[in-house]
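As structure tokens, the structure follows; a few thoughts come after it.
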Amino acid sequence: MFKLLRYLKKYWIFAVLAPTFMIIEVLMDMELTKQMQQMIDYGVSSGNLDKILSIGGKMILIVLVGVIGGFFSGVFANIASCNFANDLREDLFSKIMKLSYNQTDKFETSSLITRVTNDITQMQNFVNQIIRMFIRSFGMLALGIIFTLQIDSRFSIILAITLPIELLFMIVIALKMFPKFSIMQKRLDKINLVVHENLTGARVVKAFSKENYEIDRFGKANDSYADILLKVGKIIALLAPLFMLLIYAAQLGIYSIGGTEIFAAWNDGVTPSISVGQTSQAITYIVMICISLITFAMVFSTIARASASAKRINEVLDCNLEINDGNLDVSSLKEKGTVEFKNVSFTYPESSNSVLDNISFKVNKGETIAIVGATGCGKTSLVNLITRFYDTTSGTVLVDGVDVKNYSQKDLRDKIAVSLQKSELFAGTIKENIKWGKLDATDDEVYNASEIAQALEFIESRDKKFDEYVEEKGTSLSGGQKQRLSIARAIIKNPEILIFDDSTSALDLVTEAKLYKAMRTKMKDTTRIVVAQRIATAKNADKIIVLDSGHIVDFDSHDNLMKNCEIYQDIYNSQLKMEA
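Position 39, counted from 1, in the sequence shown is what my numbering calls 46; the numbers after and before it change by one each time, with no gaps.
Here it is in structure tokens:
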């Protein structure tokens, strides 16, 4: 946990000023108690109004100084803790963005959301408490004990009995409570998982009328989280009454010692060694000491919860990236737009079954290559290796004649644009979604990309055209419209290599044909790799890879495959002849 405190280094001045001003507030509290003792002994007891007013004026000034100290302590503590959390959150999110698909799956999306939000909030609270409330509690405890013993050493008996019992309560409660914080964060992950799945899959839930089922599933996750919160709450709730009993017992002890001394002195006609004001002062100090221990318990509760959160944050920050950047200077490349697989095999992590086995082929600049095969044969896995979403288990993938592992991920992916079957759109205008592929694109470039993607017709029919607002996830658009915007976003990048992972599945055959015709005319130098379920999509490609159970069965043109490849013939017959 304390390893994360390096993020506080930039804000050390605020981290120092916060406890400094808190010490001022604590000192003023102590001085206020002393002034109250003098008011009782020298003002109230003797009926001296001038003394009461004089001391009262001092007390008002002391309160003002204390308030100023507390105010600035809170301000500086918030500046330090908020900036600490901000920097930590940015680094954590940056690390998440660099995780491989496999690592993201291992952590789970819902858990990563919790870590970026709730877990960092716990660390923020921890920092705030440590540089503010911890100092206040420690100051009140230490000074309270010192000043109490200065009044009369006999009060040490009260402290010797009270403090060990309070500490014992704290230790027992801490041992009961601390292990539950890790469980609490995991159950919060489960709530986020259910919410995330239902928000992203809302249409499926409604289509199957599973609202009540999902409400029940959320209810179970929520009840489980509430249950652990209640258990922790019950333990914390024990603190106040137990400590209050001790406070009252300590007060009785102070009254007993002070009262006995005062009455004995009065009976003997001498001045008591402990005055009424000092007895009241000792009572206040004892209350401060006990309250400081209660605050300590709350601070340690925050530390325990932050410790559980810090462990989860460090799991992400400290994990080794599975895909690391190379140091290739892309300006030295001689080839452009070529892709080659050399004896590539691939197995997903945590799996024993090979997805691709000994794959070899080459795509030249400007060629269109289609990949066809049965569901699960490895088509998407193959193109994922080009972009390094995963690394090969063995063999080499080359882009422009160089192993993709030698590229930095940014340089590699700058050469490639990908359009997926599931079109991910963002809340914003149509223009903003298209320009997401190239943020500095001109309006002409947006128009041309939309024209090639066959999106211009439906865009022009909108009231605001390119400035039409797209709802989150593109819910205001049809499947085909979303796919065309996704394709336009890829095209505007003007990449060397364009990958379509079944990204025209929602388009009718006429629109799809127009799309490929426009790309052949206006993107002649762009290499196109198309994952296709439909033979109608694949047959006009320069060459077609036929995959079967992770192996390349054949790699040839449509005409030659129709003559020589039985698997391709079966796919063709099952699709086109049945349609005819």
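Beta carbons are placed, not taken as given, at the ideal position from N, Cα and C, and that holds for glycine. As the structure is a computational prediction, the values presented were derived from the model and not from experiment.
Along the length of the stretch 307–335, whole beta strand (DSSP E) runs at least 3 residues long do not occur.
DSSP places Lys550 in the strand class (E or B) of the three-state scheme. In terms of CA proximity to Arg541, Leu516 leads the group Asp532, Leu516, Lys521 and Lys529. Taking C-alpha positions only, Ala448 is separated from Gly557 by approximately 39 angstroms. If you look at Gly402, you'll find it in the beta strand (DSSP E) that goes Ser401 to Val406. When DSSP states are grouped into helix, strand and coil, Ser101 belongs to the helix group. Taking a C-beta distance under 8 angstroms as the contact criterion, Met35 and Arg139 do not qualify as a contact pair. Ranked by Cα distance from Pro248, the first of Met177, Thr291 and Ser189 is Met177. Per DSSP, Arg535 lies in no alpha helix (DSSP H); the unbroken beta strand (DSSP E) holding it starts and ends at Thr534 to Val538. Separation of Gly385 and Cys572 (C-alpha to C-alpha, rounded to the nearest whole angstrom) is 19 angstroms. In terms of Cα proximity to Ile466, the closest of Gly481, Thr482 and Gln488 is Gln488.
Contact annotation: Lys58 and Gly50 have beta-carbon atoms nearer than 8 angstroms. DSSP places Ser361 inside the beta strand (DSSP E), whose first and last residues are Ser361 to Val370. Here Thr354 is bridged, per DSSP, to Ser361. Taking Gly284 as reference, the option from Met569, Leu24, Leu568 and Met46 with the minimal CA-CA separation is Met46. Around the beta-carbon of Pro26, 16 or more other beta-carbon atoms lie within 10 Å, marking it buried.
Between Gln416 and Asp332, the C-beta gap is smaller than 8 angstroms, which places the two residues in contact.
Here Asn199 is buried: its Cβ has 16 or more other Cβ atoms, across all protein chains shown, within 10 Å. Going by beta carbons, Gly402 and Lys349 fall inside the 8 angstroms limit.
Check the Cα spacing between Lys412 and each of Phe396, Pro186 and Ile578: the tightest is with Phe396.
Ser314 places its beta carbon less than 8 angstroms from that of Met8. Here the alpha carbon of Thr375 sits roughly 32 angstroms from the alpha carbon of Ser468. Contact fails between the stretch 141–156 and the stretch 223–236, because fewer than three Cβ pairs, one in each stretch, are under 8 angstroms apart. Judged by DSSP secondary structure, Asp566 falls within the alpha helix (DSSP H) whose first and last residues are His565 to Asn571.
Runs of the alpha helix (DSSP H) lying entirely within the stretch 433–506 and spanning at least 4 residues, in chain order: 437–442, 450–459, 463–467 and 486–498. Taking a C-beta distance under 8 angstroms as the contact criterion, Ile499 and Lys445 qualify as a contact pair. Comparing C-alpha distances from Ser280 to each of Lys197, Thr518 and Phe162 shows the shortest one belongs to Phe162. If you look at Ile137, you'll find it isn't in any alpha helix (DSSP H); DSSP assigns it neither H nor E. Judged by beta-carbon spacing, Val346 lies within the 8 angstroms limit of Thr534, meaning their Cβ atoms are closer than that value. Comparing C-alpha distances from Phe21 to each of Val134, Leu432 and Met43 shows the shortest one belongs to Val134. Taking 8 angstroms as the cut-off, the Cβ atoms of Leu340 and Phe353 do not count as close. For Ile578, the CB contacts under 7 angstroms within the same chain, skipping 5 residues up- and downstream, are Val379 and Ile542 in chain order.
With a beta-carbon spacing of about 23 angstroms, Leu245 and Ile165 fall beyond the 8 angstroms limit used to define contacts.
Inter-residue distance for Thr111 and Phe79 is about 42 angstroms (C-alpha atoms, whole angstroms).
By the neighbour-count criterion, in which 16 or more other beta carbons inside 10 Å mark a residue as buried, Val23 falls on the exposed side. Secondary structure note for Thr375: its beta strand (DSSP E) is the uninterrupted segment Thr375 to Gly380.
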